[in-house]
Each structure stands twice: as C-alpha cells, then as structure tokens.
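In this note's numbering, the protein residues as written are 48 to 267.
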Amino acid sequence: MTPASVHALVRSLEDKDGYTAAHTWRVVLYTRALAERFGLEPAIIERLSIGAALHDIGKIDIPDRILKKPGPLNEDEWAIMRRHTLLGLEHLRTAGIDDPLVCELVRSHHERADGLGYPDGLAGNDIPRAARFFAVIDAFDAMTSARPYFDRSGPGAGDIAAREIERGRGTRYCGLCVDAFLDLYRSGRLAWVLEYFNDRCDLPAYGQIPPAAIHASRLA
C-alpha cells in the first residue's frame with residue numbers, strides 16, 4: 048500500500064461524486080481526532096485514516112442515477128447501494144491494499160450494534176472495533192452535511208446530530224463509541240473541521256491540509 052495508490056483511489060471517487068470530496072476530508076479528520084484522543088500510536092492513526100479515506104470507495108461502481116438521486120432510494124436502489132461495502136473491498140484488493148484494519152473498516156462500517164446492518168449482519172463486539180467507531184463518525188457527518196436529497200448543514204446541525212446519535216446508542220451504534228465521540232464533539236474540538244471543510248468551501252487535493260486548518264486544529 049503506497050500513498051500514491053491511496054490518493055489515486057480517493058481521487059477517482061471524488062471525480063465521480065463531488066459530495067464525497069468534502070465528506071472524505073471530514074471523516075478522516077474526525078477519525079484522526081478521535082484516535083489521538085485515545086492516545087493511539089501514529090502508525091495506527093495513519094492506518095485508520097486511510098480506512099476512513101477509502102470507506103466509500105465501492106461507490107465508484109454505483110450508478111449515478113442512484114448515487115446522486117435527489118430523493119429517497121426505493122427498495123431495489125437501496126439493495127444496489129448496500130453493495131458498496133463489498134465492492135469497496137474488491138477495489139482494495141485490486142489496488143494491492145490488504146491491511147486488515149483498512150479492509151475491516153471498509154467492509155463493516157455499515158454494521159449495526161443490534162445486528163441489523165450490512166453486509167454481514169454482525170452485532171455488538173463481533174463488529175471490528177475500527178468499524179464500530181467509524182460508524183458513529185460516518186453517521187455524524189451524514190447528519191451535518193448537504194446531500195442530494197437534503198441539506199442538514201448549517202448552525203445547530205451538530206447538536207441535532209449529536210442528539211440523534213445518542214438515541215441510537217446500543218441499537219445502531221456501540222455505546223462506548225457514542226460516548227467517546229460525543230465527548231470529543233461537546234468539548235468543541237471538532238468545530239474547526241466544519242469551518243474549514245464544509246460543503247460550501249473550496250477543497251484542496253486530498254493530502255494537503257490548509258495551514259489555517261492545521262493551526263485551528265492545534266488550538267482546538
């Protein structure tokens with residue numbers, strides 16, 4: 048696994064779906080912040096960040112009529128969309144990316160604590176730990192973003208999303224993961240992410256964080 052192979056995959060997804068560019072930035076930064084909060088080793092943080100960057104890589108193969116549909120998906124469309132986790136795993140293998148941590152996150156980030164997620168219907172601690180934490184991050188970003196079918200970005204969006212995630216504690220999400228992420232959010236240490244990487248800003252290429260954003264992260 049090389050930086051070039053990771054960047055190439057991320058860029059190919061960004062070229063397909065503009066929304067994904069900002070989403071990728073934010074979930075990577077949230078992932079790094081949470082991992083640092085737990086005091087993980089830099090090498091582990093880097094691997095988790097790569098998994099976060101590539102978590103939706105399977106959406107390259109999802110038809111635009113579904114991926115960019117300006118409304119709720121029907122049952123057949125949703126079945127196709129759910130394939131993106133396993134399709135993502137295939138893309139990793141094709142690119143020679145076999146890091147177990149990255150592969151687990153890509154495959155399992157839509158599993159649910161109650162076993163009603165996909166693709167494998169895993170529950171509780173059977174879900175890989177990285178995927179359990181990332182599920183909360185991914186959901187928070189989805190609930191604070193502009194999507195083709197709704198726009199939940201803007202003032203107050205974070206607090207609304209935090210309450211929604213708390214309601215999913217123990218059903219959709221691992222309770223420990225919810226507590227850890229919301230503690231970080233309520234400390235104010237994530238506010239800079241939406242300021243510099245919101246859906247209305249001009250984004251740099253993946254891997255090039257603006258100096259102002261770096262400064263803000265150190266002050267958070």
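Glycine is no exception: its CB is placed at the ideal position from the N, C-alpha and C atoms.
Since the structure is predicted, the reported quantities are computational estimates derived from the model, not experimental observations.
If residue 132 sits next to residue 99, beta carbons under 8 Å apart, how far is it from one beta carbon to the other, in whole angstroms?
Rounded, the Cβ-Cβ distance is 14 Å, inconsistent with contact.
Measure the alpha-carbon distance for residue 241 versus residue 154 and round it to whole angstroms.
26 Å
Within this structure, are the beta carbons of residue 74 and residue 146 separated by less than 7 Å?
no
Counting only the same chain and skipping the five closest in sequence on each side, list residues whose C-beta sits under 8 Å from that of residue 85.
227
So residue 216 and residue 222 are in contact, right, with Cβ under 8 Å, and what is the actual spacing, rounded?
5 Å
What is the DSSP secondary structure of residue 214, reduced to helix, strand or coil?
helix
Counted within 10 angstroms of its Cβ, other Cβ atoms place residue 71 as buried (16 or more) or exposed
buried
Alpha carbon of residue 190 to alpha carbon of residue 225, nearest angstrom
15 Å
For the alpha helix (DSSP H) containing residue 192, name the first residue and the last one.
Residue 192 -> no alpha helix (DSSP H), and no H or E assigned at all.
Between the alpha carbons of residue 68 and residue 173, how many angstroms are there, rounded?
31 Å
Within 10 angstroms of its Cβ, does residue 112 collect 16 or more other Cβ (buried), or is it exposed?
exposed
Along the chain, where does the alpha helix (DSSP H) containing residue 148 start, and where does it finish?
147-155
What does DSSP give as the partner residues of residue 220 in its beta bridges?
216
From what residue to what residue does the alpha helix (DSSP H) around residue 77 run?
65-84
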